[in-house]
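Per our numbering, the sequence shown starts with residue 492, numbered consecutively.
All C-beta atoms in this analysis are idealised placements derived from N, C-alpha and C, irrespective of residue type, glycine included.
Bear in mind that the values here come from a model prediction, so they are computed numbers and not experimental data.
Here the structure is laid out as C-alpha cells; the discussion comes afterwards.
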Amino acid sequence: MPGGNYNFGAGYIMNSDKTSVDDAMGSDQLTREGLQFDTRASRDVLTQDAPKQQSKPTVEASLFSMADQKDY
Numbered sequence: 492m493p494g495g496n497y498n499f500g501a502g503y504i505m506n507s508d509k510t511s512v513d514d515a516m517g518s519d520q521l522t523r524e525g526l527q528f529d530t531r532a533s534r535d536v537l538t539q540d541a542p543k544q545q546s547k548p549t550v551e552a553s554l555f556s557m558a559d560q561k562d563y
C-alpha cells in the first residue's frame, strides 16, 4: 500500500471488485532493506562433529534372550 497506509476503508473494500488484476497496487513503491546479518556459516569448533566412542553395543544381548523366551 503506498505511503504505509494499511487502513482499508469501506470505499477501498467496496470498489475492490472493480480493480484490475494487472494493477500494480503500489508494488512499484516497495523497498528492499539490507541484510541484518551474514547467512554464511563459519567452520569453527561449534559447527564441527565431535568424535563419539560407542559405550554400549548397538543391540544388547538381553534383547535376543527376551526374544527367545516363549512363555507367553
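- For Leu521, no alpha helix (DSSP H) run applies, since DSSP gives it neither H nor E.
- Between Ser518 and the set Thr530, Gly495 and Ala552, the nearest pair of CA atoms involves Gly495.
- Membership of Ser553 in the alpha helix (DSSP H) is indicated by the continuous run Ala552 to Asp559.
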